[in-house]
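J.: Quick note: the sequence shown, position 270, residue 290 per the numbering used here, numbers continuous.
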Amino acid sequence: MFPVPPSRISLGFSTSTLPDLPQVAVVPLLDKELGVHKITLATTHRLVQPPIPVNDDENQLAWEAVFPSGSINPGNKSAPPGGFGFYLRGPAAFAQALQDSSVNQEVVMGYDVLFQEDFHFQKGGKLPGIYGGVGQSAYGCTGGRQHDRCKCFNLRLMWRDSGVGELYAYVPQDARNSERLKEIPPRSIQHPDYGFSVGRGAWQFEPGRWIRVMERVKLNDVGQENGEIEIFIDGKSVILASGLVLRTEEGREAHVQGLHFQTFFGGHTPDWASPKEQRAWFTNISGAILKPSPAAARPTSSHDEL
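Structure follows, in C-alpha cells:
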C-alpha cells in the first residue's frame, strides 16, 4: 500500500485492510471518520460498489465522481457541476499529529482511482493531492491565487489529453522552486497565472483498471532548500522534485494538512468540458507520517540527478 519500508511509518491510516501494520489504523470510507470538510456544494461523492472490484473484494465500496456532459470547473456558473471536491484531514489521531510544525515533516498520502472503461479525458482535469500551509491560508491555494502563496502549497495531480499525467503544483513563489521544477522531465511548464505543470507525461492513466496514486512530501527546514515532492504510480516513482522551499520564513508554521480531494474537468473554458456523462471511482484512501531517514539510507531513484 505505502511505497516506503514499513519501518519508516510512524503513524498511519488506510481504508484498505492491506497494510496490516500495527501503526496503521484501518478506518471506514466515511466522511466523519476521515475528517472530510469544506465540501463543494452541488456535487456528491456517493459510496457505491464500483464496476471493477477493488483488491478482488466485491464488497469494497468507493466514492463515485459523476461528470455530466458539458461539466467543467465547479467555479464555472454556466456549466453543469461535475466531479466533487472537499478537504480531508484523516482520522483524529493522524490529523492531530500533522499539526506539529516543529519537525522536518515528511508525509505520504494517496488513493486508488478507476476511470470507466470508455473514459474520454478531453483536454484535462484535476485529481486529488496533498495540501498544506499555515492555518486557514492552506485553503484555496489554487485557481490562480497570488496572495499569501508563501504560506501555502497545493499538490494536486492532473490528467491531460489521452490520460497523460502530471503534478499540478501551487508552491511558494520562489525562484529556486521554479528553477528546480522546470528541470523535471519529460516536460514542465510554469504557467504565469495558475499552477505549475510538473513532469507532464511521466505516466499515463489507463481507463478500465485501478491505479494507485501515492504522493510523498517532505517539508524543508526553514531557511534551507531541502524540501521534496515525489509521485508514485502503482508503486513506481515517476516524479521526484528535490531542493524545494515549501516552508518559508513568512510561513514557518506551515505543515501538511491532508488531501485536497478534488476532481473535475478543466480548465475554465467549454473546450475542457466532459464530452459525455462519465464516471470515476476512488477508494483505499491512505496516509502515513514518516520517521526521519538518514540521507545515506534513502532509496535510490531514476530521478536522483534532479
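We put the beta carbon where it would ideally sit given N, CA and C, even for glycine.
Per DSSP, I59 forms a beta bridge with which residues?
T.: The residue you call residue 59 lines up with position 39 of the sequence shown. In the DSSP output, where bridge partners are listed per residue, I59 has none listed.
J.: Report all residues from its chain with a CB closer than 6 angstroms to the CB of Q80; omit the five preceding and five following residues, and keep chain order.
T.: Position 60 of the sequence shown holds residue 80. Closer than 6 angstroms at Cβ, skipping near neighbours: V74.
J.: Span of the alpha helix (DSSP H) holding F114?
T.: Residue 114 sits at position 94 when you count from the first residue of the sequence shown. From DSSP, the alpha helix (DSSP H) with F114 extends over A112 to L118.
J.: Which residues in the same chain have their Cβ closer than 6 angstroms to the Cβ of Q136, if we skip the five residues on either side of it in sequence?
T.: Here residue 136 refers to the residue found at position 116 when the sequence shown is read from its first residue. The residues are Q298 and R299.
J.: Taking the alpha carbon of G130 as the reference point, which residue from N304, K311, Q119 and L310 has its own alpha carbon closest?
T.: What you label residue 130 is simply residue 110 of the sequence shown in a count that begins at 1. Of the listed residues, the one whose Cα sits closest to G130 is N304.
J.: What are the residues that DSSP puts in a beta bridge with A308?
T.: Residue mapping note: residue 308 aligns to position 288 of the sequence shown, counting from 1. A308 is bridged to G32 and V128.
J.: Which term fits R272, buried or exposed, when burial requires 16 or more other beta carbons within 10 angstroms of its beta carbon?
T.: Residue numbering aside, residue 272 sits at position 252 when the sequence shown is read from its first letter. The residue is exposed, with fewer than 16 neighbouring Cβ atoms inside 10 Å.
J.: Could you check if P212 is buried or exposed, using at least 16 other CB atoms within 10 Å of its CB as the buried criterion?
T.: For this step, residue 212 is matched to residue 192 along the sequence shown. Exposed, since its Cβ has fewer than 16 Cβ neighbours within 10 Å.
J.: Among the candidates I72, E78, Y151 and P101, whose CA atom is the shortest distance from the CA of L61?
T.: As a working note, residue 61 is residue 41 in the sequence shown. The candidate whose alpha carbon is nearest that of L61 is P101.
J.: Tell me the rounded alpha-carbon separation between P111 and L54.
T.: Looking up residue 111 in the sequence shown gives position 91. Looking up residue 54 in the sequence shown gives position 34. Taking the straight line from one Cα to the other gives about 5 angstroms.
J.: From G228, L38, G103 and K311, pick the residue whose C-alpha is nearest to that of P70; which is it?
T.: If you number the sequence shown from 1, residue 70 lands on position 50. P70 has its Cα closest to that of G228, out of G228, L38, G103 and K311.
J.: Drop a sphere of 10 angstroms on the beta-carbon of K58, count the other beta-carbons inside from all chains shown, and report buried for 16 or more, exposed for fewer.
T.: Taking the sequence shown and counting its residues from 1, the one referred to as residue 58 is at position 38. Looking at its Cβ environment, which holds fewer than 16 other Cβ atoms inside 10 Å, K58 is exposed.
J.: Going by alpha carbons, who is nearest to P205 out of V191, W223, Q193 and G215?
T.: As a working mapping, residue 205 is identified with position 185 in the sequence shown. It is W223.
J.: Could you give the uninterrupted runs of the alpha helix (DSSP H) lying entirely in the region 161-245, keeping only those of 4 residues or more?
T.: You should have 195-201.
J.: For the candidate residues P290, Q156 and V123, whose alpha-carbon lies nearest to that of K97?
T.: Indexing the sequence shown from 1 puts residue 97 at position 77. The shortest Cα separation from K97 among P290, Q156 and V123 belongs to P290.
J.: Going by the CB atoms, is the gap between L264 and N197 shorter than 9 angstroms?
T.: Taking the first residue of the sequence shown as 1, we reach residue 197 at position 177. Taking the first residue of the sequence shown as 1, we reach residue 264 at position 244. The answer is yes: Cβ separation under 9 angstroms.
J.: Among Q142, Y188, P295 and F216, which one has its Cα closest to the Cα of A195?
T.: Translated into the one-based positions of the sequence shown, residue 195 becomes position 175. Answer by Cα proximity: F216.
J.: Can you tell me where the beta strand (DSSP E) with L279 in it begins and where it stops?
T.: What you label residue 279 is simply residue 259 of the sequence shown in a count that begins at 1. Per DSSP, L279 belongs to the beta strand (DSSP E) from H275 to F285.
J.: Would you report the Cα separation of V154 and A274, rounded to the nearest angstrom?
T.: The sequence position of residue 154 within the sequence shown is 134, counting from 1. The sequence position of residue 274 within the sequence shown is 254, counting from 1. Cα to Cα, the separation comes out at about 4 angstroms.
J.: Tell me the rounded alpha-carbon separation between L38 and F104.
T.: Looking up residue 38 in the sequence shown gives position 18. Looking up residue 104 in the sequence shown gives position 84. Between L38 and F104, the C-alpha separation is close to 26 angstroms.
J.: Which residue marks the beginning of the beta strand (DSSP E) containing V46, and which one marks its end?
T.: Sequence index remark: in the sequence shown, residue 46 carries index 26 (1-based). Taken as a continuous stretch (DSSP letters only), the beta strand (DSSP E) holding V46 covers V44 to V46.
J.: Would you call E126 buried or exposed, if buried means 16 or more other Cβ atoms sit within 10 Å of its Cβ?
T.: Residue numbering aside, residue 126 sits at position 106 when the sequence shown is read from its first letter. E126 should be labelled buried.
J.: By a C-beta neighbour count over all protein chains shown, 10 Å radius and 16 as the cutoff for buried, is A113 buried or exposed?
T.: Mapped onto the sequence shown, residue 113 falls at position 93. So A113 ends up on the exposed side.
J.: I'd like the list of long-range same chain contacts for G341, defined as Cβ closer than 7 angstroms, with 5 residues on each side in sequence excluded.
T.: This structure does not reach residue 341, given that the chain is present from 21 up to 326, and the question cannot be answered.
J.: Starting from the C-beta of P88, find all residues in its chain whose C-beta is less than 6 angstroms away, skip the five residues before and the five after it, and write them out in chain order.
T.: For the purposes of this step, residue 88 is taken as residue 68 along the sequence shown, with counting starting at 1. Cβ neighbours of P88 beyond the five flanking positions: P100, G102 and E297.
J.: State the CB to CB distance for the pair V276 and G152, rounded to an integer number of angstroms; the pair is presumed to be in contact (CB under 8 angstroms).
T.: As a first step, residue 276 must be located in the sequence shown, where it is residue number 256. As a first step, residue 152 must be located in the sequence shown, where it is residue number 132. Yes, they are in contact, since the Cβ atoms of V276 and G152 sit about 4 angstroms apart, within 8 angstroms.
J.: Please report how far the alpha carbon of V258 lies from the alpha carbon of P94, in whole angstroms.
T.: Along the sequence shown, read from residue 1 onward, the residue named residue 258 stands at position 238. Along the sequence shown, read from residue 1 onward, the residue named residue 94 stands at position 74. C-alpha separation (whole angstroms): 29 angstroms.
J.: What would DSSP say about Q402, mapped onto helix, strand or coil?
T.: Because the chain is modelled from 21 through 326, residue 402 falls outside the range shown and cannot be assessed.
J.: Assuming E250 is part of the beta strand (DSSP E), what are its boundary residues?
T.: Counting from one through the sequence shown, the residue named residue 250 turns up at place 230. Taken as a continuous stretch (DSSP letters only), the beta strand (DSSP E) holding E250 covers G247 to I253.
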